[in-house]
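Colleague:
Residue numbers (my numbering): 11 to 92.
Put into structure tokens, the structure is as follows:
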């Protein structure tokens, strides 16, 4: 699950935060993400958000750009400190 050089602690913090937001068990969410089965994660998303997510997931350069954003990097950095 480490395709973006995010430390395991930060991965776990992101996973926990996302699972809480989605009302999912963190281990279940991790399993779904690792298997690529995102249907249950996206079923309650509005069309605009789903389109944005799909565009992002299909464009590794966009993901790199997102993760290279100073604000995003600071946010990810702060997750490990909580």
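C-beta: ideal position from N, C-alpha, C; glycine also.
1) So for residue 30, helix, strand or coil by DSSP?
2) With DSSP as the reference, label residue 48 as helix, strand or coil.
3) Spatial neighbours of residue 51 within its chain, please: C-beta separation below 7 Å, excluding the five flanking residues on both sides.
4) I think residue 72 touches residue 63, with their Cβ atoms under 8 Å apart; what is that distance to the nearest whole Å?
5) My output table needs one value for residue 55: the three-state DSSP class, helix, strand or coil.
6) Rounding to the nearest angstrom, what Cα-Cα distance links residue 30 and residue 39 in this structure?
7) Where residue 21 and residue 54 are concerned, what is the direct C-alpha to C-alpha distance, given to the nearest angstrom?
8) Could you tell me the distance, in whole angstroms, from the CA atom of residue 26 to the CA atom of residue 36?
Modeller: Looking at the atomic coordinates:
1) In the structure shown, residue 30 sits in a helix (DSSP, three-state: H, G or I).
2) coil
3) 32 and 42
4) Residue 72 to residue 63, Cβ: 11 Å. No contact.
5) coil
6) Their backbone Cα atoms lie some 10 Å apart in a straight line.
7) 23 Å
8) Their Cα atoms are separated by approximately 6 Å.
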